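Residue numbers (the numbering used here): 12 to 490.
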């Protein structure tokens, strides 16, 4: 009798943005193809992977903290393998093995397809393996279309359509960790989304660091995000389409019109402002003024009834004065956003702003950064509560995703504007997951909504068009 060896087990910890979450699903797809089995506890795994984020120093420190705990497991089981992936690996591969010599392999954001080879070599005894390419040619970009990603949901899916960024904002490491902008072929995207819809997925979110720049780098065709949205709107079985993150300079009228007119494209735009002061915006190299941003969001609200516009802010940027911060504080209401991600500025190596803070001593004191961050968060919470107020008593369309993380006796889903709704229902999770249902909102504080499933009500009452809906940003921004 032949005794088959048990499959090796893998645990993946993902830090950072939706792009990283999508990459982790691709990694898991590759590993399942190689015979691995996913587990949910690090101590059960033969292979531990940390998919890292480098957008802020705290995210990088968190990655090493995880690996330090894993090293204790590895000391008990020396055959265990530890791998670092993602943006920290891409940017600092030379430092990883010095700082964490117990790490077996490092691979960058553009080298996911090298993971099976690295594993074979590692399990054969090789150590300190690495695969980090700075910029892969376009011909290799669609490598993952042959991989069946192991999705973390049966209802919605992330679909990467553009990688990298060409803007080189002075604070941002994305062009260094993700490379220059490169768009995926529309045929490849359409094939993946059709397969997802045929498999029962109801919603896709198109991902990119500057997703609205999709297609600008095509040399052989005139085809952008609006063109893609029109084609995806015709995919049978697909109910909802979202995209993120947008850059204000690339959000063109045809994209806005697509959101306004295509029934499957959701009324939701994540478009970071980053600062409300023109001097700070110029030093950030964002390419627009506060007035131009306001003009854009005013146009969006006018053209798209009930749209939710969300954003990002950085406080304590090098040289930021109290007066300049006050302009950012004022922008929360003036921009009419629903909610925003916020962060105190964190210097990143290789970026101009990092040099200004660390070498030219232009940085804002940490205690001032934190005080400004608290004030900004308070203003955004107030704004979110104001934007949520019109929901109370309304009946909204919700796509059910599963059991509520806040209360396991409730279910949760999202509105068209990406607002999280935790609700009660007489139906079970199995009855409702993946279905569009009506929910009457019974509580509408800041950040999320509470409601009751109303199966008898098939009509969704639109909110007053002058009161755009709001959204929950429980996931990190990727701009």
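Glycine included, every Cβ here is placed at the ideal spot set by N, Cα and C.
A quick note: this is a predicted structure, and the numbers were derived from the prediction, not measured.
- prompt: Over what stretch of residues does the alpha helix (DSSP H) that includes residue 203 continue unbroken?
  reply: Under the DSSP assignment, residue 203 falls in the alpha helix (DSSP H) whose first and last residues are 197-209.
Of the residues 62, 53, 118, the one placed nearest residue 91, counting alpha carbons only: If we check each option's Cα against that of residue 91, 53 comes out closest.
- prompt: Between the beta-carbon of residue 129 and the beta-carbon of residue 171, is there less than 9 Å?
  reply: One thing to note: residue 129 has its Cβ no nearer than 9 Å to the Cβ of residue 171.
query: So residue 239 and residue 283 are in contact, right, with Cβ under 8 Å, and what is the actual spacing, rounded?
result: That pair is no contact at about 21 Å.
message: Can you tell me whether residue 499 is helix, strand or coil according to DSSP?
response: Because the chain here runs from 12 to 490, residue 499 falls outside it and cannot be looked at.
- request: Could you give the DSSP three-state label for residue 455: helix, strand or coil?
  value: Residue 455 falls in the coil class under three-state DSSP.
query: Quick one: complete beta strand (DSSP E) runs, 3+ long, within the segment 13-56?
result: 20-25, all fully within the segment 13-56.
query: Which word fits residue 329, buried or exposed, when buried means at least 16 other C-beta atoms lie within 10 angstroms of its C-beta?
result: Buried: at least 16 other Cβ atoms inside 10 Å.
- request: Specify, as a first and last residue, the run of the alpha helix (DSSP H) that residue 107 falls within.
  value: That run of the alpha helix (DSSP H) goes 98-110.
task: To the nearest angstrom, report how far apart residue 248 and residue 273 are at their CA atoms.
output: Computed Cα separation, rounded: 15 Å.
task: Starting from residue 321, follow the beta strand (DSSP E) in both directions and report where the run begins and ends.
output: Per DSSP, residue 321 belongs to the beta strand (DSSP E) from 319-326.
message: Give me the residue from 74, 89, 41 with the minimum Cα distance to residue 25.
response: Selected option, being the one with the closest Cα: 74.
- request: Keeping to the same chain, check which residues put their C-beta closer than 8 Å to that of residue 36; ignore five residues upstream and five downstream.
  value: These residues qualify, in order along the chain: 160, 161, 162, 163, 169.
task: State the Cα-Cα distance for the pair residue 181 and residue 306, rounded to the nearest angstrom.
output: Those two C-alpha atoms are separated by around 24 Å.
- request: Would you mind stating whether residue 455 and residue 390 have Cβ atoms separated by less than 9 Å?
  value: No, Cβ-Cβ distance for residue 455 and residue 390 is not below 9 Å.
- request: From the DSSP output, in three-state form, read off residue 439 for me.
  value: Of the three classes helix, strand and coil, the one that applies to residue 439 here is coil, per DSSP.
- prompt: For the segment 213-239, which segments carrying the alpha helix (DSSP H) assignment without a break, of at least 4 residues, lie completely within its bounds, in sequence order?
  reply: Counting whole runs of 4 or more residues, the segment 213-239 contains no alpha helix (DSSP H) stretch at all.
- prompt: Is residue 473 helix, strand or coil when you go by DSSP?
  reply: With a pLDDT of 45 at residue 473, under the threshold of 50, the modelled position of this residue cannot be trusted, and the question is left open.
message: My output table needs one value for residue 249: the three-state DSSP class, helix, strand or coil.
response: Assigned with DSSP and collapsed to three states, residue 249 falls in coil, not helix or strand.
- request: Tell me the start and end of each unbroken beta strand (DSSP E) in the segment 361-444 that is at least 3 residues and wholly inside, in chain order.
  value: The qualifying runs are 406-414, 422-425, 431-435.
- request: Out of 263, 48, 262, point me to the one whose CA is closest to residue 18's CA.
  value: The shortest CA-to-CA distance from residue 18 to any of 263, 48, 262 is the one to 48.
query: Going by alpha carbons, who is nearest to residue 320 out of 342, 350, 333, 293?
result: The shortest C-alpha separation from residue 320 is found at 350.
message: Less than 9 Å between the beta carbons of residue 433 and residue 277, yes or no?
response: Contact flag unset, no.
- request: Going by DSSP, name the residue or residues bridged to residue 355.
  value: Residue 355 is bridged to 326.
- prompt: Whose C-beta lies closer than 7 Å to the C-beta of residue 486 among residues of the same chain, with five residues either side of it excluded?
  reply: The predicted model places residue 486 with a pLDDT of 31, which falls under 50 and marks its position as unreliable; any figure quoted below should be read in that light. Excluding sequence neighbours, residue 486 sits near 29.
DSSP beta-bridge partners of residue 81: Paired residue(s): none; residue 81 is not in a bridge.
- request: Could you tell me whether the Cβ atoms of residue 464 and residue 447 are closer together than 9 Å?
  value: Contact flag unset, no.
- prompt: Helix, strand or coil for residue 491 per DSSP?
  reply: Because the chain spans 12 through 490 in this model, residue 491 falls outside it and cannot be assessed.
task: If I'm right that residue 275 touches residue 244 with Cβ under 8 Å, what's the distance once you round it to whole angstroms?
output: About 5 Å separates the Cβ atoms of residue 275 and residue 244, confirming a contact at the 8 Å cut-off.
message: I'd like to know if the segment 398-415 and the segment 355-370 are in contact, where contact means that at least 3 CB-CB pairs between them fall below 8 Å.
response: Because the criterion of three Cβ pairs below 8 Å is not met, the segment 398-415 and the segment 355-370 do not touch.
field: Distance between residue 437 and residue 166 (C-alpha atoms, nearest Å)
entry: One Cα belongs to residue 166, the other to residue 437, and the distance between them is close to 21 Å.
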